[in-house]
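**Q** First residue of the sequence shown: 213, per the numbering used here; consecutive thereafter.
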Amino acid sequence: MDDFKQNIAVGVITELVKDSIKALWNRVREYYSDLDEKDGIDFGNAYESYLHNAANKVRKVKTIIYRREPKDLYSIYECLNVEFSGNIVSTKSVKNLLDYGNKLIISGTAGIGKTTMLRHFFISALEKGDLIPIFVELREVNSKEVKDIDVFNLIYNTLVNYGFNVEKKYFEYSMKGGRYLILYDGFDEVRMENGLNVAKGIRELSTKYPDNYYILSSRPMEEFIGWNDFIEAEAMVLDKKQAFDLIKKLDYDKDTKDKFLNALE
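1) Which ranges does the alpha helix (DSSP H) cover as unbroken runs of at least 4 residues, wholly within the region 276-316, from first to last along the chain?
2) Going by DSSP in three states, Asp397 sits in which element: helix, strand or coil?
3) So Leu482 and Ile427 are in contact, right, with Cβ under 8 Å, and what is the actual spacing, rounded?
4) Taking DSSP as the reference, what is the three-state secondary structure of Ser429?
5) For Ile443, list the residues DSSP reports as bridge partners.
6) If we call anything under 7 Å between Cβ atoms a contact, is Arg351 one with Asp400?
7) Quick one: is Gly323 buried, meaning 16 or more other Cβ sit within 10 Å of its Cβ, or exposed?
8) I believe Glu395 touches Phe347 by the beta-carbon criterion, under 8 Å. Please report the beta-carbon distance rounded to the nearest angstrom.
9) Excluding five sequence neighbours on each side, which residues of the same chain lie with their C-beta closer than 8 Å to the C-beta of Val270?
10) Check this for me: beta carbons of Val294 and Ala445, under 7 Å apart or not?
11) Considering only their Cβ atoms, is the gap separating Gly413 from Val363 smaller than 7 Å?
12) Determine the extent of the beta strand (DSSP E) in which Glu249 is found, giving its start and end residues.
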């Protein structure tokens with residue numbers, strides 16, 4: 213399998229993530245015995261292409277301040293804390309949250325930064341972990357009829373849109389390996405008539421593939437009371453130091469920033 217490992221992009225993912233991809237390939241090849249070493253190289257290249265393209269997209273964001281030109285995520289993002297049952301948890305590393313469980317809901321009011329938090333989790337997983345992250349925008353189901361909603365297809369199509377060319381049956385079997393971090397963004401943005409199907413699909417998928425990790429972002433909803441196997445955490449507002457640090461990062465008029473910082477103080 214040396215050829216496989218050499219074909220994973222250097223500098224895009226860690227050795228731990230490379231090892232996870234290799235483990236998924238070994239699992240798939242055991243089940244589909246007709247696959248050969250060339251298939252293994254193609255499998256590795258598919259993940260390389262996906263992770264490279266997805267990471268570049270996830271790191272580029274536009275905001276009210278930067279309407280015309282996308283900025284790097286970390287030039288405008290300050291890590292929020294979340295609260296689990298009275299415990300304040302830093303989100304600087306996604307691992308801090310995953311220590312609490314593998315099925316999580318991050319709830320918070322509109323505009324608090326849940327989407328950028330999930331984007332940060334994607335990058336954090338690549339840089340500091342051994343999981344393969346997939347950032348899924350749930351609002352995309354709003355263009356579909358209820359009968360056509362399939363959460364697994366949504367995940368797979370997300371990969372394909374970023375250059376992933378592994379057959380669906382191989383990816384589906386790889387899900388049994390427990391090496392993925394599925395980041396569902398914006399459950400509250402799903403239209404009401406589609407929400408039941410999406411919720412059902414998310415929960416069924418997490419039951420079918422229980423060894424993967426799942427994080428969903430949303431505004432607070434009473435519906436989550438019935439998600440018995442998911443732990444809900446609350447995204448906290450910036451504290452004073454975090455607010456100062458964020459404002460200092462912004463590429464904006466210095467005099468205006470200084471006045472704002474003085475007022476905040």
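We treat Cβ as the ideally placed atom computed from N, Cα and C, and that holds for glycine.
Just so it is clear, the structure is predicted and the values come from calculations on it, not from any experiment.
**A** Looking at the atomic coordinates:
1) 306-310
2) As a working note, residue 397 is residue 185 in the sequence shown. Correct three-state label for Asp397: strand.
3) Here the chain comprises residues numbered 213 to 477, so residue 482 is not present and cannot be evaluated.
4) Taking the sequence shown and counting its residues from 1, one reaches residue 429 at position 217. Reduced to three states, the DSSP call for Ser429 is strand.
5) Taking the first residue of the sequence shown as position 1, residue 443 is located at position 231. BP columns for Ile443 point to Leu316.
6) Sequence index remark: in the sequence shown, residue 351 carries index 139 (1-based). Sequence index remark: in the sequence shown, residue 400 carries index 188 (1-based). No, Cβ-Cβ distance for Arg351 and Asp400 is not below 7 Å.
7) By 1-based counting over the sequence shown, the position of residue 323 is 111. Per the 10 Å Cβ criterion, exposed.
8) By one-based count along the sequence shown, residue 395 stands at place 183. By one-based count along the sequence shown, residue 347 stands at place 135. The sequence as given places Leu at residue 395; Glu does not occur at that position. About 5 Å separates the two Cβ atoms, so the contact holds.
9) In the sequence shown, counting from the first residue as 1, residue 270 sits at position 58. Correct list, in chain order: Leu285, Arg331, Phe334, Ile335 and Phe347.
10) Walking along the sequence shown from the start, residue 294 turns up at place 82. Walking along the sequence shown from the start, residue 445 turns up at place 233. In this structure, Ala445 lies closer than 7 Å to Val294 by Cβ.
11) On the sequence shown, residue 363 is found 151 positions in, with the first residue counted as 1. On the sequence shown, residue 413 is found 201 positions in, with the first residue counted as 1. Contact flag set, yes.
12) Position 37 of the sequence shown holds residue 249. From DSSP, Glu249 is part of no beta strand (DSSP E) but of the alpha helix (DSSP H) over Glu249 to Val270.
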